[in-house]
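Structure record follows, encoded as structure tokens.
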């Protein structure tokens with residue numbers, strides 16, 4: 001009955017989307033059998049964010065080629081603000097090279113102590129950037145790409161000071177995200193927000209070499225604080241981004257987010273977190289952090305240009321991470337090592353597999369489509385999505401750390417291959 005209900009619902013959705021022009025939407029229906037393996041130690045699997053039992057269903061993906069988000073209503077944003085400075089002056093652009101560069105130029109032209117709190121926001125950036133000069137994909141409209149001019153105490157220009165500002169911005173955005181009901185969002189050291197292993201937001205603080213004196217004769221520095229948040233873009237349609245990123249819209253089941261209210265809420269929370277002490281930032285960041293003590297992590301060491309596995313221990317008050325159980329030659333005599341984000345990059349070690357069944361001749365279009373869908377749906381900080389060939393099925397080894405097996409179109413498989421798939425499915429059910 002559940003299968004018939006899902007299929008009827010899928011047909012209804014497909015019929016609705018078929019009325020849309022080919023330029024604005026594409027629809028793909030995939031019949032999939034999800035098999036929760038007996039070796040998995042739960043009666044139901046929390047893979048998709050909700051409890052999922054084994055059943056046959058039809059997955060329909062109808063994704064608009066243009067999200068159609070309207071231009072940002074700056075007046076509406078200001079009407080929701082409650083703070084004194086952040087967001088009271090907003091410079092809005094449809095497209096720009098980089099809001100970071102725009103904010104820097106604006107601050108220096110106007111005299112940045114007077115420009116404190118000014119927000120430069122754009123619908124698209126052609127040269128958006130993130131930490132370590134990585135490119136920030138800013139080609140999707142409907143998101144928030146903004147940079148904020150901040151006049152901060154001189155010590156904020158140090159590495160630790162910039163890191164603290166990024167953390168304050170991260171915690172402000174996290175609170176705004178939680179306010180929307182996306183409560184599974186967490187901070188990821190050093191400067192991201194993740195949901196289910198997918199990046200939702202990133203932060204970057206850059207310092208200008210100029211200094212000035214505020215009204216109380218304290219020396220200050222110009223800081224440009226960049227914030228990028230995936231809001232209404234449907235990133236699951238992107239072959240390049242579905243595995244890596246998500247948006248608020250994706251996490252809210254396709255519901256569009258009121259960007260004006262959300263942006264104002266971010267500014268309101270940031271006005272508060274900017275006044276937090278280092279101790280308050282550190283305590284809250286550690287509590288809301290993806291990496292908790294005892295978690296196994298994969299580490300990239302930029303200094304040695306190598307990867308290794310370790311156990312996360314803590315975040316120190318200088319924002320360095322402490323790792324234990326590191327390989328010989330990396331840490332001290334106790335097998336521990338400390339380092340900041342200029343040296344280390346961390347990811348959780350995946351502990352379970354999600355396999356997509358595939359014939360020995362190679363992945364079919366349906367296998368590629370299922371993998372693409374699962375890449376965007378599963379928690380990639382816990383589950384590794386991969387292909388399982390039918391020739392591997394007779395062995396029990398693949399089942400040991402596997403939570404889910406997805407079986408798609410088997411019509412192209414040979415008789416023996418179909419038999420192996422059927423036996424594997426029946427054995428688990």
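Residue numbers (full-length UniProt numbering): 1 to 429.
Every residue gets a Cβ at the ideal spot worked out from N, C-alpha and C, and that includes glycine.
Outcome for residue i when other beta-carbon atoms lying within 10 angstroms are tallied against a minimum of 16
{"i": "residue 275", "result": "exposed"}
{"i": "residue 64", "result": "Because residue 64 sits at a pLDDT of 39, beneath the cut-off of 50, its placement in the model cannot be relied upon, and the point is left open."}
{"i": "residue 271", "result": "buried"}
{"i": "residue 127", "result": "exposed"}
{"i": "residue 84", "result": "exposed"}
{"i": "residue 155", "result": "exposed"}
{"i": "residue 342", "result": "exposed"}
{"i": "residue 427", "result": "exposed"}
{"i": "residue 411", "result": "exposed"}
{"i": "residue 320", "result": "buried"}
{"i": "residue 283", "result": "exposed"}
{"i": "residue 396", "result": "exposed"}
{"i": "residue 102", "result": "buried"}
{"i": "residue 302", "result": "exposed"}
{"i": "residue 42", "result": "Its pLDDT being 47, under 50, residue 42 is placed unreliably by the model, and the measurement read from it follows with that caveat. Residue 42 should be labelled exposed."}
{"i": "residue 431", "result": "Examination of residue 431 is not possible in this model, given that the chain is present from 1 through 429 alone."}
{"i": "residue 269", "result": "buried"}
{"i": "residue 123", "result": "buried"}
{"i": "residue 181", "result": "exposed"}
{"i": "residue 161", "result": "buried"}
{"i": "residue 51", "result": "Unreliable positioning characterises residue 51 in this predicted model, as indicated by a pLDDT of 34, which lies under 50. A coordinate reading is not provided."}
{"i": "residue 433", "result": "Because the chain is modelled from 1 through 429, residue 433 falls outside the range shown and cannot be assessed."}
Supposed contact pair residue j and residue i - C-beta distance, whole angstroms, cut 8 angstroms
{"i": "residue 355", "j": "residue 326", "result": "About 31 angstroms; that fails the 8 angstroms criterion."}
{"i": "residue 315", "j": "residue 285", "result": "7 angstroms"}
{"i": "residue 105", "j": "residue 121", "result": "With 8 angstroms as the limit, residue 105 and residue 121 do not qualify as a contact, their Cβ atoms being about 15 angstroms apart."}
{"i": "residue 107", "j": "residue 165", "result": "Going by Cβ atoms, the distance from residue 107 to residue 165 rounds to 15 angstroms, so no, they are not a contact pair."}
{"i": "residue 340", "j": "residue 402", "result": "With 8 angstroms as the limit, residue 340 and residue 402 do not qualify as a contact, their Cβ atoms being about 36 angstroms apart."}
{"i": "residue 231", "j": "residue 262", "result": "7 angstroms"}
{"i": "residue 332", "j": "residue 196", "result": "About 35 angstroms separates the two Cβ atoms, so there is no contact after all."}
{"i": "residue 157", "j": "residue 207", "result": "4 angstroms"}
{"i": "residue 348", "j": "residue 297", "result": "6 angstroms"}
Inter-residue spacing [alpha-carbon to alpha-carbon] between residue i and residue j
{"i": "residue 421", "j": "residue 390", "result": "7 angstroms"}
{"i": "residue 95", "j": "residue 141", "result": "10 angstroms"}
{"i": "residue 419", "j": "residue 392", "result": "13 angstroms"}
{"i": "residue 34", "j": "residue 240", "result": "24 angstroms"}
{"i": "residue 229", "j": "residue 416", "result": "49 angstroms"}
{"i": "residue 178", "j": "residue 264", "result": "14 angstroms"}
{"i": "residue 360", "j": "residue 407", "result": "14 angstroms"}
{"i": "residue 152", "j": "residue 170", "result": "17 angstroms"}
{"i": "residue 259", "j": "residue 192", "result": "20 angstroms"}
{"i": "residue 26", "j": "residue 382", "result": "Only weak support exists for where residue 26 lies, its pLDDT of 39 falling under 50; the value from the coordinates is given anyway. Spanning the two alpha carbons is a distance of roughly 30 angstroms."}
{"i": "residue 22", "j": "residue 251", "result": "At residue 22 the pLDDT is 39, less than 50, meaning the model places this residue with poor confidence and gives no usable figure here."}
{"i": "residue 118", "j": "residue 306", "result": "41 angstroms"}
{"i": "residue 255", "j": "residue 249", "result": "5 angstroms"}
{"i": "residue 244", "j": "residue 80", "result": "32 angstroms"}
{"i": "residue 372", "j": "residue 242", "result": "7 angstroms"}
{"i": "residue 219", "j": "residue 329", "result": "44 angstroms"}
{"i": "residue 336", "j": "residue 75", "result": "52 angstroms"}
{"i": "residue 174", "j": "residue 424", "result": "42 angstroms"}
{"i": "residue 346", "j": "residue 294", "result": "14 angstroms"}
{"i": "residue 72", "j": "residue 253", "result": "22 angstroms"}
Residue(s) in a DSSP beta bridge with residue i
{"i": "residue 307", "result": "300"}
{"i": "residue 175", "result": "Note: residue 175 sits in no beta bridge, so no partner."}
{"i": "residue 228", "result": "145 and 202"}
{"i": "residue 153", "result": "220"}
{"i": "residue 348", "result": "297"}
{"i": "residue 243", "result": "Its beta-bridge partners do not exist; DSSP assigns none."}
{"i": "residue 95", "result": "124"}
Closest residue to residue i among the options (Cα-Cα distance)
{"i": "residue 310", "options": "350, 101, 361 and 289", "result": "350"}
{"i": "residue 413", "options": "382, 108, 366 and 227", "result": "366"}
{"i": "residue 78", "options": "87, 72, 370 and 187", "result": "87"}
{"i": "residue 362", "options": "280, 293 and 386", "result": "386"}
{"i": "residue 224", "options": "277, 218 and 163", "result": "163"}
{"i": "residue 498", "options": "267, 93 and 233", "result": "As displayed, the chain neither begins before 1 nor continues past 429, which places residue 498 out of reach and without an answer."}
{"i": "residue 357", "options": "405, 289, 187 and 144", "result": "405"}
{"i": "residue 246", "options": "198, 222, 277 and 237", "result": "198"}
Closer than 8 angstroms to chain B by CB, residue i
{"i": "residue 72", "result": "Given the protein chain composition of this structure (a single chain), no chain B is represented."}
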